[in-house]
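Colleague: Sequence lines, in order, name chains Y, A, W, B and Z. If you read the first sequence in my numbering, its first letter stands for residue 21, the second for the next number, and so on. If you read the second sequence in my numbering, its first letter stands for residue 21, the second for the next number, and so on. If you read the third sequence in my numbering, its first letter stands for residue 6, the second for the next number, and so on. If you read the fourth sequence in my numbering, its first letter stands for residue -18, the second for the next number, and so on. If you read the fifth sequence in my numbering, its first letter stands for residue -18, the second for the next number, and so on.
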Amino acid sequence: MSRIDNSNNSSAIRNISDEQLAVAQPKRAAPSTLALAFKLAFSHLEISIKQNISISAITGIYGDSGSGKSSLLRVIAGLEPRAKGQVSLNGTVLQDSDNKAFIKAEKRQIGLVFQDSRLFPHLSVYQNLAYGAKRQTNRQLTIEKVLALTQLNQLQHQNVTLLSGGEKQRVSIARALLAEPKLLLLDEPFSALDKSTKSQMLTILKAIQQQLQLPMLYVSHSLSELQYIADQLVVVSAGKITQVAPIHQAIHQLNSRGETSPKTSLSLTIAEHLPDYGLTRLTLPAKKSTSKNHNIYLPILEQSNSQRLISQQLPCIIYARDISISKTKPEHSSIVNHLPASISVIQYNKTNALVTLKANEQEFYAQISLWSAKRMALTTESKVYIQFKANAVHSYYFTEPTANA
Amino acid sequence: MSRIDNSNNSSAIRNISDEQLAVAQPKRAAPSTLALAFKLAFSHLEISIKQNISISAITGIYGDSGSGKSSLLRVIAGLEPRAKGQVSLNGTVLQDSDNKAFIKAEKRQIGLVFQDSRLFPHLSVYQNLAYGAKRQTNRQLTIEKVLALTQLNQLQHQNVTLLSGGEKQRVSIARALLAEPKLLLLDEPFSALDKSTKSQMLTILKAIQQQLQLPMLYVSHSLSELQYIADQLVVVSAGKITQVAPIHQAIHQLNSRGETSPKTSLSLTIAEHLPDYGLTRLTLPAKKSTSKNHNIYLPILEQSNSQRLISQQLPCIIYARDISISKTKPEHSSIVNHLPASISVIQYNKTNALVTLKANEQEFYAQISLWSAKRMALTTESKVYIQFKANAVHSYYFTEPTANA
Amino acid sequence: DKPKQTKPLRIAVAANFAPALKILLANLPNKDAINVQMISAATGTLYLQIKHGAPFDLFLSADSMRPELLEQEKLIIADSRKTYAYGQIALWSATRALSGLSELNHYSGKLAIANPDTAPYGKAAQQALTKLSLWPQVQNNLITGMNINQTFQQVRSQAVPFGIVAYSQLAMNKYQGIIIPPEYYQPISQQLVIIKSSQQVKLAQQISDFILQEDNQEKLVQLGYLPIKSIPLIEKNNQVNTQYD
Amino acid sequence: MTDISADLLALITTLKMAAVTTVILLIIGTPMAWYLAKWQSRFKVFFEAVVALPLVLPPTVLGFYLLLAFSPTSLPGQLWQSATGSQLAFSFSAIVIGSVLYSLPFVVQPLQKAFEQLGDHHLEAAAMLGAGPIDRFFSVVLPLTKASFITATALGFAHTVGEFGVVLMIGGNIPGETRVLSIALFDHVEAFNYANAHLLSAGLLIASLILLSLVYLLGNNFNKKQQGTVKL
Amino acid sequence: MTDISADLLALITTLKMAAVTTVILLIIGTPMAWYLAKWQSRFKVFFEAVVALPLVLPPTVLGFYLLLAFSPTSLPGQLWQSATGSQLAFSFSAIVIGSVLYSLPFVVQPLQKAFEQLGDHHLEAAAMLGAGPIDRFFSVVLPLTKASFITATALGFAHTVGEFGVVLMIGGNIPGETRVLSIALFDHVEAFNYANAHLLSAGLLIASLILLSLVYLLGNNFNKKQQGTVKL
Ligand SMILES: Nc1ncnc2c1ncn2[C@@H]1O[C@H](COP(=O)(O)OP(=O)(O)OP(=O)(O)O)[C@@H](O)[C@H]1O
Ligand SMILES: Nc1ncnc2c1ncn2[C@@H]1O[C@H](COP(=O)(O)OP(=O)(O)OP(=O)(O)O)[C@@H](O)[C@H]1O
Ligand SMILES: [Mg+2]
Ligand SMILES: [Mg+2]
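1) Methionine 177/W by DSSP, collapsed to three states: which one?
2) Please say whether glutamine 332/A and glycine 185/Y have beta carbons closer to each other than 8 Å?
3) Under the rule that 16 or more other beta-carbon atoms within 10 Å means buried, what is leucine 203/Y, buried or exposed?
4) Measure how close the beta-carbons of glycine 43/Z and proline 35/Z come, nearest whole angstrom, since I'm counting them as under 8 Å.
5) For isoleucine 67/A and serine 91/A, what's the separation of their Cα atoms in angstroms?
6) Excluding the five sequence neighbours on either side, which residues of its own chain have a C-beta within less than 8 Å of the C-beta of lysine 188/Y, listed in chain order?
7) Just verifying my parser: in three-state terms, what is the DSSP assignment at proline 5/Y?
8) Return the residue from the list Ser163/Z, Leu192/Z, Ser194/Z that minimises the CA-CA distance to leucine -11/Z.
9) Output, in chain order, the set of chain W residues within a Cβ distance shorter than 9 Å of serine 52/B.
10) So is glutamine 218/W buried or exposed if we call it buried at 16+ other beta carbons inside 10 Å?
11) Provide the residue(s) that pair with aspartate 68/W in DSSP beta bridges, ordered along the chain.
12) Across which residues does DSSP place phenylalanine 58/Y in a beta bridge pair?
13) So with CB distances below 9 Å, who are the chain B contacts of glutamine 181/W?
14) Cβ-heavy atom distance between lysine 260/A and ligand 2 below 7 Å?
15) Should the segment 20 to 30 of chain W be regarded as contacting the segment 19 to 29 of chain B, the criterion being three or more beta carbon pairs within less than 8 Å?
16) Tell me whether the beta-carbon of isoleucine 363/A lies closer than 8 Å to the beta-carbon of lysine 283/A.
17) Tell me which same chain residues have a C-beta within less than 8 Å of the C-beta of methionine 236/Y, skipping the five on either side of it?
18) So what's phenylalanine 210/Y in DSSP terms, helix, strand or just coil?
19) Would you please state the rounded distance, in angstroms, between the beta carbons of alanine -9/Z and arginine 160/Z? I believe it to be under 8 Å.
20) Closest to proline 251/W by CA distance: which of Ala209/W, Ala47/W, Pro232/W is it?
21) Using the Cα positions of glutamine 40/Y and tyrosine 317/Y, report the straight-line distance between them to the nearest angstrom.
22) So with Cβ pairs under 8 Å, would you call proline 124/Z a contact of chain Y?
23) Can you check whether the CB of alanine 258/Y is closer than 8 Å to the CB of leucine 198/Y?
24) So who's on the other strand from valine 170/W, going by DSSP bridges?
25) Using a Cβ-Cβ distance cut-off of 8 Å, determine whether histidine 358/Y contacts chain A.
26) Please state if the CB of leucine 288/A and the CB of leucine 274/A are separated by a distance shorter than 8 Å.
27) Looking at threonine 126/Z and leucine 99/Z, is the spacing between their C-beta atoms short of 8 Å?
28) Measuring only from the beta carbon, is isoleucine 89/Y closer than 7 Å to any heavy atom that is part of ligand 3?
29) Could you have a look at isoleucine 115/Z and say whether DSSP puts it in helix, strand or coil?
30) Within the same chain, show all residues whose beta-carbon is closer than 8 Å to that of serine 144/A, passing over the 5 residues directly before and after it, in chain order.
31) From valine 133/A to proline 209/A, what distance separates their C-alpha atoms?
32) Unbroken alpha helix (DSSP H) runs of length 4 or more, entirely within the segment 252 to 310 of chain A: which are they?
33) Taking glutamate 126/A as the query, report the chain B residues whose CB atoms sit under 7 Å from its CB, ordered along the chain.
34) Hey, out of Val206/W, Ser98/W, Gln210/W, Ala176/W, whose CA is closest to glycine 114/W's CA?
35) To the nearest angstrom, report how far apart threonine 162/A and glutamate 144/Z are at their CA atoms.
36) On a CA-only basis, which of Val148/Z, Gly137/Z, Leu92/Z is nearest leucine 123/Z? Give me that one, please.
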């Protein structure tokens, strides 16, 4: 019952999916290294960043409204000559206020999808895309292909000023992709899209990233979107970078800071499809040789691609509220996933308790009521079972995203 | 562990919450009736609407990108004289192409928050708000109050062209509120806000709606946002209105159409707070006099307001994936909610089964794997237990919204 | 003994005569009691304006044609049309002193004159050049000014080496030039008329008489004009190279 | 009357004429520009061209035709006379009318382009906040096109000050009434008063420079706030 | 030479002068306007005022000063002579230079305002797609300010055609070289050839009307696409 299957535009997606799957083992190029050490003072906020970021695929940028995400992208893009300090990419100095060095925006080969689209009002949809395509020489993508991927075929001769909000965003991203830059910056590119279009676009973006080996920085307010698309997360808060970590770790760190609804973020290996049961089995490999692999089931992955998915890695989210704890092995329940685990931390909050558990060295987070915590007399080191429904295992593309629904 | 409590801006919210709570029993004014019967043809799409909508509080508008939501609002607002047909509000004809009647936008006393903010670039934040306030006579809201509510105090003298995406949206909504129209149209007003700011803004909007008895039409891509804020839902698809129903019913109808992740949407009565257990008890009242009330627990509601919430209605969402089915009464589990229910429908999909159950005449939806469905040999009319965690009961404000996280 | 003047007396004067008139009027008897306004413009302009109701009292034209036309159009007081001076033309260069008209003989550069079709001084220049058989030679090298003042400025700025200008312009600015003998061109008779619509005909008449007065006519000679009686006369202060023929 | 005081009188007349003309130009030019900017018709270009026409005729020729029109024997001249009781040609009103016609394109065209570039977005937003057409004009259009209004005012004013042919022809150079600075300056040159001419030119230039600088200073406030990071 | 063929010759000279002037104006006026639009400085207003100055001086007076400058004995005139071998005053080049100076504000000011209103948003977007300054100018600035370029071209061209005082003073009315239509027209009026004058005026007006209409037609394509729902 995947949305993609129901969609009438699925052929476009399958085209690119056939060539390069969303979860295909990426043929990694050397990561791009962004060295940032600058300050940019506004009236109410000083953006002050000192951080090296190594971008191998898509790095997410997460932070509150007004925290400075767009400004950070503008500096990297070369639109803020006023920034004091240094910015360099892969060892090349992009700007350095001390040495009065400044490589112009158009020379940086960096693409930027603006938060406010900024389509050229004098050009049609097609001409806007052609604008980006004309000025580069790689030509790995054609305008026709990108039009199809972003479902803009029907609108290609339309005046861009008359497009709907979501249509504008798609044109803007298509235009930036066609310029095939060395680094692509995306500023909330899908905020005006409905959920199903958004998940299609995310999948396409991810596939293109891998096909072109194009590193990206992706700003979003949605962690589930970021978890699906990014392999690393940068957290921005009040003008500073407060955290840079691989995506799962970063999300877990946000858990303990109480910044979002706590969740377990992990990547699992696809083991087999069980069409009769409507499930796909993933394995949580044993990290110690002594313990055995655990199985985790989720609703079966889309049929057309499923066979070739075997043994690939799938990014998954399980919300802490979806995981329950049982002292005995659960029976007679529709809940398919239960793993033996041991409690490592119990954090009591005002209204609930956040329990960190380990199963095969993988951390899981369970959020339970204070009442349950009391009743079950949980203590650290207790051996328990964690249980969660197959439906609780979320992967942005292959099962329905629950977020934003 | 409510977000609101942790936020440093919570005082602003408490101000308005103290006067008029988000879930306070609304002192309902007579609903506004919008009678729409018009066509508006674009090159690729004809918007063709024939529908009477009765707006008592906030009516949500939901639909895919490019389906015609913004265009619908533009017609109601009086920005599309080209629309053929009639539009009237509470019996007053706003436009009628047959009789060449057309009340101008500025005479309709309808407010519109545009998808693209449209702040006046020559005015500061404060002056933008004053623009709206100056031209109306009600003056129930003051600029200072709205500045505080929308957390724009610090930015009030800022040049609006330099604001971040989310800041722009807040200014735009503040300006529209200050104009105190008779009907307010909001076009994805919070798409650029981070989750916690968004949930604060939604609560404030809802409180203002009730305080001013100001009917609103609210366009969004997020059903959970709409479920929290709207009491009725209009679904737009390819230029047509395909559904108008009370919010819970509308969401359930979307379930069976497979349009979104299936969920149970319901309003429950707040019964008591159990601070020791970190839970609040809600009751699902028996509809037949023969059966007894059921209890549903969710993480305890925010302390400061909790006492006065007793016996008020709380809109809640429980995702179908969060509800599991057990043939025996579940024990030894951290899951606090279990209700006896009987299965009314089992819908087998490709990868899972959607089970509709009834408990006290309230429909619940549970999504389980095909495997579980088979193993448990579920049939219609079977008596079973449904179980879900306290954390699975979502209410946008009082517990953490999981959506968009 | 004069009735009190309600409006100033407006004298419309051709631009080239305006400086001279100003000098003459400086000696007007009881000039403090009379409010006189001098309005100068091109003769053609003034003519058009008078034709369309301009509130002028006296009109000093740089030619005789416009006054005649006004007379035919019955826009002037009967018998008020008088010649008040004759203009003279002179060859001039602002770059160097000239020896005589013969300098033009083998000259192939630019020569400035006023427009022969519209300006009386231009017409006179054309006649003189024709008479001197120089016309075919210079015809294609002419810089023609809108009026004689423009021609004077063009030569004075040294942008044109030679020009045929009004002798009055040279006299008043103390420049040296070669006067072209009056017999080489038809006399440039400058006439004045009193406008019919004038409400101060008496005063206008008074000024007209004043200009034609003997002593003022004498003064005109110093200002580079020929007095009205002089036309049959041979010029006195002769600087022209008479060996020219 | 000395030369200096005559020039002063001319200066006063000039300022009066230019000020009145500019005010009239703004009053009639603004709605014309708005109409031309928002009107969607095939004939629009024709009217745009008509507005620009006064430019094509040399001022003296334009003045000639206006003189024909304003003369007491022509219909417009007679209508004016019967309406106001005084003659149109050679009056202050005449030079103002002439200047308005002559300077119209300099006011209408910059405003029209500014209105066209403005688009409807902000107007729609203002309408939704209850602002009617007049209100929208003063609260949104005017401030957003302020720079163009200043250009229009400056061009219109300066062009009127420097105007010569039309004013001379239909005004008749009457001191205190239609004798303006440009004519006075011309007269100085014609009368070989070069010293006076240079002085007056220099004075005019410096005064204009100061005036125009002040005007442009007004128009620059808004731009200062812009970011201006990518220069061309 | 008949009047008609003389007028034809003047027409050709006029068109040549106006065309060359307009091209030069666009070439030098565009960067000036850009610079003035984007430059952030206190002195900017001063330069803006300087550009507008030619407007303030009556053309004949401006012509007088230009004549002094262009004469072979003055420095600019000498420089020209040694550079080109021919005299500047009374040449076609002289009237073109004079017209350029005189019409400069009509080209610079509309362009400057258009550039100011344009803002940086689209330029930034273009830079991010790899377009350098020149590329950005032709692919973004020019099409988005097309309407103002057309205004500038039309005003510049028309003003040059109608120019009279400057051209006459420094051009000297030489048939086939510096005798332009406006002078011919003036001469007809002065010489009482009213029939010819009317004919020539009417011809000039009609031709200009057609030409300007065509020019404005070009500029209107883009606006047609606009929605235009809330009129003022
Ligand atoms: N040029 C500027 N001058 C002054 N203040 C600015 C400027 N640009 C941004 N700001 C301010 O800096 C802060 C950060 O802005 P920025 O656009 O980077 O935020 P953001 O993280 O992208 O927010 P959002 O998610 O709402 O888009 C905001 O408060 C904004 O008002
Ligand atoms: N004035 C117009 N002329 C032509 N087509 C238009 C016009 N306005 C809107 N459209 C088209 O009509 C469709 C509906 O547009 P609308 O803006 O109403 O969509 P929407 O539902 O608001 O979408 P989104 O969620 O992306 O904002 C789009 O395909 C758009 O391109
Ligand atoms: Mg931003
Ligand atoms: Mg929309």
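In this text, a Cβ means the ideal position worked out from N, Cα and C, and glycines have one as well.
Modeller: The short version:
1) helix
2) no
3) buried
4) The sequence as given places leucine at residue 43/Z; glycine does not occur at that position. Right, the Cβ-Cβ distance comes to about 6 Å (below 8 Å), so this counts as a contact.
5) 8 Å
6) Annotation for lysine 188/Y: Ser137, Leu139, Val180, Ala212 place their beta carbon closer than 8 Å to its own, counting only its chain and skipping 5 residues before and after.
7) In the structure as shown, chain Y begins at 21 and stops at 425. Residue 5/Y is therefore absent and cannot be evaluated.
8) Ser163/Z
9) Lys56, His57, Gly58
10) exposed
11) DSSP, once it has assigned bridges, lists no residue as partnering aspartate 68/W.
12) Paired residue(s): Ile69/Y, Gly105/Y.
13) Result: empty, since nearest Cβ-Cβ is about 16 Å, beyond 9 Å.
14) no
15) no
16) no
17) Ile75, Ala77, Ile78, Thr79, Leu203, Leu204, Leu205, Leu206, Leu225, Gln229
18) coil
19) 5 Å
20) Any answer about residue 251/W is impossible in this case: the structure gives chain W only from 6 up to 250.
21) Unreliable placement is indicated for glutamine 40/Y, whose pLDDT of 36 sits below 50; the coordinate value is still reported in the next sentence. One C-alpha to the other measures close to 25 Å.
22) Interface annotation, proline 124/Z: in contact with chain Y, CB-CB separation under 8 Å.
23) In terms of Cβ geometry, leucine 198/Y and alanine 258/Y do not form a close pair [threshold 8 Å].
24) Ala95/W
25) no
26) no
27) yes
28) Going by the sequence as given, residue 89/Y is lysine instead of isoleucine. Indeed, a heavy atom of ligand 3 lies less than 7 Å from the Cβ.
29) helix
30) Around serine 144/A, the same chain offers Gln176, His177, Gln178, Asn179, Val180 as residues with beta carbons nearer than 8 Å, after the five sequence neighbours per side are excluded.
31) Approximately 7 Å, taken between the alpha carbons.
32) Listed in chain order, the alpha helix (DSSP H) runs fully inside the segment 252 to 310 of chain A are 267 to 276, counting runs of at least 4 residues.
33) Ala108, Gly111, Ala112, Gly113
34) Ser98/W
35) 59 Å
36) Leu92/Z
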